[in-house]
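Quick note: the sequence shown, position 162, residue 161 per numbering that gives the first Met the number 0, numbers continuous. Even for Gly, the Cβ is constructed at its ideal location relative to N, Cα and C. Since this is a predicted model, take the numbers as computed values, not measurements.
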Amino acid sequence: MLRIAIQSKGRLNEDSTALFQEIGIAVDDSKRKFLSQSANFPLEVLYMRDDDIPQVVASGTASLGIVGLNEVEEKSADVEIVERLGFGGCRISLAIPKSETYEGPQYFNGKRIATSYPNILRKYLDKNNIDAKIEIITGSVEIAPAAGIADAIFDIVSSGGTLVSNGLKEVERVFWSEAVLIAWPGLSEEDRRLLDEIRFRLDSVKVSRGKKYLLMNLPQASVEEAVRILPAMRSPTIMPLAAEGWCSMHSVVDSADLWDKIRQLKAIGAEGILVLNVDKIIP
Ligand code: PRT
Ligand code: ZN
0 MLRIAIQSKG
10 RLNEDSTALF
20 QEIGIAVDDS
30 KRKFLSQSAN
40 FPLEVLYMRD
50 DDIPQVVASG
60 TASLGIVGLN
70 EVEEKSADVE
80 IVERLGFGGC
90 RISLAIPKSE
100 TYEGPQYFNG
110 KRIATSYPNI
120 LRKYLDKNNI
130 DAKIEIITGS
140 VEIAPAAGIA
150 DAIFDIVSSG
160 GTLVSNGLKE
170 VERVFWSEAV
180 LIAWPGLSEE
190 DRRLLDEIRF
200 RLDSVKVSRG
210 KKYLLMNLPQ
220 ASVEEAVRIL
230 PAMRSPTIMP
240 LAAEGWCSMH
250 SVVDSADLWD
260 KIRQLKAIGA
270 EGILVLNVDK
280 IIP
C-alpha cells in the first residue's frame, strides 16, 4: 500500500485532491479525516500541514507527498522530486517599503529581514555576500516592516497584491516554486511499480492539457492541404461523408494555435467545425 501525504487544508489541498480525480484514483476529501484509503487504488492519503510533508516523506513514513517546492528546499529534505505538477505556482521574493530607493542587493547589508524561509534566504545572502539579520516569523510576515520588527521581508508572492496593500515593493525574485510530487528514495519495488502507474496517468493528463479536439466537414479536394495544417499525433482521421466530394476530418490541436488553425481551415473550405475538450491523451 502506497501512502501519500498531502496538505489537509490550504492552497494546495483542492488541486491535490482534484489531481487524484483526474487520474482516476477515488479518495475522500479531508474535512473529517486524518487518513483515508482509496476505494479503487492501493493508496492511502495522509492529510497534514504542508510544513511537515517533506520530513514524513524523507523518513519514509509516507512514500509520496504533494507539497510546494519551497517547503522541500527550505527543509533540505532528502526526497526525490518526481514531477512538477503545474499548480501552486509562486516565487519567494525580497520586498522593501515602497518609499525606499533600491539600487541592488547590497541594500540589504546591515538590514533586518523578516521571513518564514530562513534557510533559503541564508543561502541567497551568503551567495551575494550580504550581511543581514534574519528575523524568523511564521505568519503575517508582510506586516513586519510597518510593525517595526524588520526593514524588509522575504516572503511568498504570487499576484503581488499583498505586497502592494502593505506598502511594499518586490525588489529581488529569489526562488521559483510550484507544487511537486515527491518520493521517499527508499521505495520498495512494489511501491515503485505503483508510482510508475501514477506517473503514467499524470503524463496523460499533462499531455491533454491545453489540447482541443477538432472535427469538421471538408471538401475532398482540400484534404492534402488540411493534413499540412493539422499534423495531429500520427495523422488526422479522415472519413467519407454521404455527400459526394466531402469528408469529415478529426484532429487534435494545441489550444494556443486553435484560432489560427480555424482561420486556415475555413480558407480551404472547412465547414461545420466542432471544437471539443480533451480529457486524456494516452500516447
Ligand atoms: O496550514 P499549512 O501549514 O498546511 O498551510 P500554510 O498556511 O503554511 O500554506 P498555504 O496553504 O498558504 O500555502 C501552501 C503552499 O502554496 C505554499 O507553500 C506555496 O508553495 C504555495 N503558494 C502559492 C502560496 C501562494 N501561492 C501564496 N500566494 N503560499 C502562500 N501564498 C501567500 C503568501 O504567503 C502571501 O501572504 O499569499 C500571499 C501573497 O499572495 P499575493 O497573490 O497577494 O502575492
Ligand atoms: Zn505551512
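{"query": "Ordered along the chain, which non-local residues of its own chain (more than five positions away) have a Cβ less than 7 Å from that of Pro-104?", "result": "Asn-127, Ile-129 and Glu-171"}
{"query": "What residues match up with Ala-94 in a beta bridge as DSSP calls it?", "result": "Ile-152 and Glu-169"}
{"query": "Is there at least one non-hydrogen atom of ligand 2 closer than 6 Å to the beta-carbon of Asp-49?", "result": "yes"}
{"query": "Helix, strand or coil for Glu-243 per DSSP?", "result": "coil"}
{"query": "Whose CA, out of Thr-137, Asn-108, Trp-183 and Asp-125, lies closest to the CA of Ile-3?", "result": "Trp-183"}
{"query": "Along the chain, where does the alpha helix (DSSP H) that runs through Ser-221 open and close?", "result": "Ser-221 -> no alpha helix (DSSP H), and no H or E assigned at all."}
{"query": "Mind the definition here: the stretch 218-235 touches the stretch 104-117 only if three or more C-beta pairs lie below 8 Å; say whether that holds.", "result": "no"}
{"query": "Pick helix, strand or coil for Asp-14, following the three-state DSSP scheme.", "result": "helix"}
{"query": "Measure from the alpha carbon of Val-78 to the alpha carbon of each residue in Gly-64, Gly-85, Phe-86 and Leu-257, then state which is nearest.", "result": "Gly-64"}
{"query": "For the putative contact between Glu-169 and Gly-185, defined by C-beta atoms under 8 Å, what is the C-beta separation to the nearest angstrom?", "result": "About 40 Å separates the two Cβ atoms, so there is no contact after all."}
{"query": "Can the beta-carbon of Phe-153 be found closer than 7 Å to that of Leu-68?", "result": "no"}
{"query": "How is the beta strand (DSSP E) around Glu-79 delimited, first residue to last?", "result": "79-83"}
{"query": "I want to check one thing, is the minimum distance from the CB of Thr-161 to the heavy atoms of ligand 1 below 6 Å?", "result": "yes"}
{"query": "Going by C-alpha distance, which of Tyr-46, Gln-20, Asp-125 and Gly-209 is nearest Ile-280?", "result": "Gly-209"}
{"query": "If you draw a straight line from the C-alpha of Lys-265 to the C-alpha of Glu-177, how long is it?", "result": "40 Å"}
{"query": "Alpha carbons only, please: which of Gly-88, Val-71 and Asp-50 is nearest the one belonging to Val-81?", "result": "Val-71"}
{"query": "Take the Cβ of Glu-141 as the centre, count every other Cβ of all protein chains shown within 10 Å, and call the residue buried at 16 or more, exposed below.", "result": "buried"}
{"query": "By how many angstroms is the C-alpha of Lys-8 removed from the C-alpha of Val-179?", "result": "17 Å"}
{"query": "Can you tell me the Cα-Cα spacing of Glu-13 and Cys-89, whole angstroms?", "result": "16 Å"}
{"query": "With a 10 Å radius around its C-beta and 16 neighbouring C-beta atoms as the bar for buried, classify Phe-40 as buried or exposed.", "result": "buried"}
{"query": "Using DSSP with H/G/I as helix, E/B as strand and the rest coil, what is Glu-43?", "result": "strand"}
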